[in-house]
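> Got a structure here, written out as structure tokens. Questions coming.
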Amino acid sequence: MATTDPRPMSAEEKKVIFASSLGTVFEWYDFYLYGSLAAIIAKQFFSGLDEGSAFIFALLAFAAGFIVRPFGAIFFGRLGDMIGRKYTFLVTILIMGLSTFIVGILPNYASIGVAAPVILICLRLLQGLALGGEYG
245 MATTDPRPMS
255 AEEKKVIFAS
265 SLGTVFEWYD
275 FYLYGSLAAI
285 IAKQFFSGLD
295 EGSAFIFALL
305 AFAAGFIVRP
315 FGAIFFGRLG
325 DMIGRKYTFL
335 VTILIMGLST
345 FIVGILPNYA
355 SIGVAAPVIL
365 ICLRLLQGLA
375 LGGEYG
């Protein structure tokens with residue numbers, strides 16, 4: 245049986261692993277923050293409801309990102325087969341970055357009314373699609 249000697253990783257390979265790991269940490273940190281701050285998010289984006297319902301809707305918005313992950317995997321997996329994984333991965337990173345940035349600057353319910361939670365949920369859906377595409 246033939247054996248191969250392991251070769252050391254090149255500097256380029258180490259950079260790719262580091263960049264991918266760093267991106268993954270930031271993506272999951274967003275999910276962690278949202279889950280940890282769900283009570284505050286409920287007050288900011290669902291203040292038109294009573295406290296309990298607002299909290300439940302904030303958690304449902306959080307769950308929306310997880311629910312669409314399989315669809316992101318299917319969509320971006322097929323797209324990756326057609327145009328290449330590298331470009332598809334870059335698109336998912338761009339979608340995740342932009343949607344996360346917009347969530348960060350999104351006005352609250354007091355500023356723009358019912359549009360705030362609608363936009364928040366749409367952005368969470370985009371984040372879930374992008375994350376599904378990256379891992380799917």
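Our numbering numbers the first residue of the sequence shown as 245 and each following residue consecutively.
Glycine is no exception: its CB is placed at the ideal position from the N, C-alpha and C atoms.
Keep in mind that this is a model prediction, so the values were computed, not measured.
Do F289 and L364 have their C-beta atoms within less than 8 Å of each other?
Yes, these two residues count as a Cβ contact at 8 Å.
> With F262 as the anchor, note down where its alpha helix (DSSP H) starts and where it stops.
Taken as a continuous stretch (DSSP letters only), the alpha helix (DSSP H) holding F262 covers 255 to 280.
> Could you tell me whether the Cβ atoms of A317 and G357 are closer together than 8 Å?
Taking 8 Å as the Cβ cut-off, A317 and G357 do not qualify as a contacting pair.
> So, does the segment 291 to 308 touch the segment 267 to 283, judging by three or more C-beta pairs under 8 Å?
Yes: the two stretches touch, three or more of their Cβ pairs being nearer than 8 Å.
> Taking the alpha carbon of D274 as the point to measure from, which residue in T344, L373, E378 has its own alpha carbon closest?
The shortest Cα separation from D274 among T344, L373, E378 belongs to T344.
> Taking the alpha helix (DSSP H) that V312 belongs to, which residues open and close that run?
V312 -> no alpha helix (DSSP H), and no H or E assigned at all.
> Quick check on F290: does DSSP put it in helix, strand or coil?
If DSSP states are grouped into helix, strand and coil, F290 belongs with coil.
> Less than 8 Å separating the beta-carbons of T332 and L342?
No. Outside cutoff.
> Assuming G341 is part of the alpha helix (DSSP H), what are its boundary residues?
Note, G341: alpha helix (DSSP H), 329 to 349.
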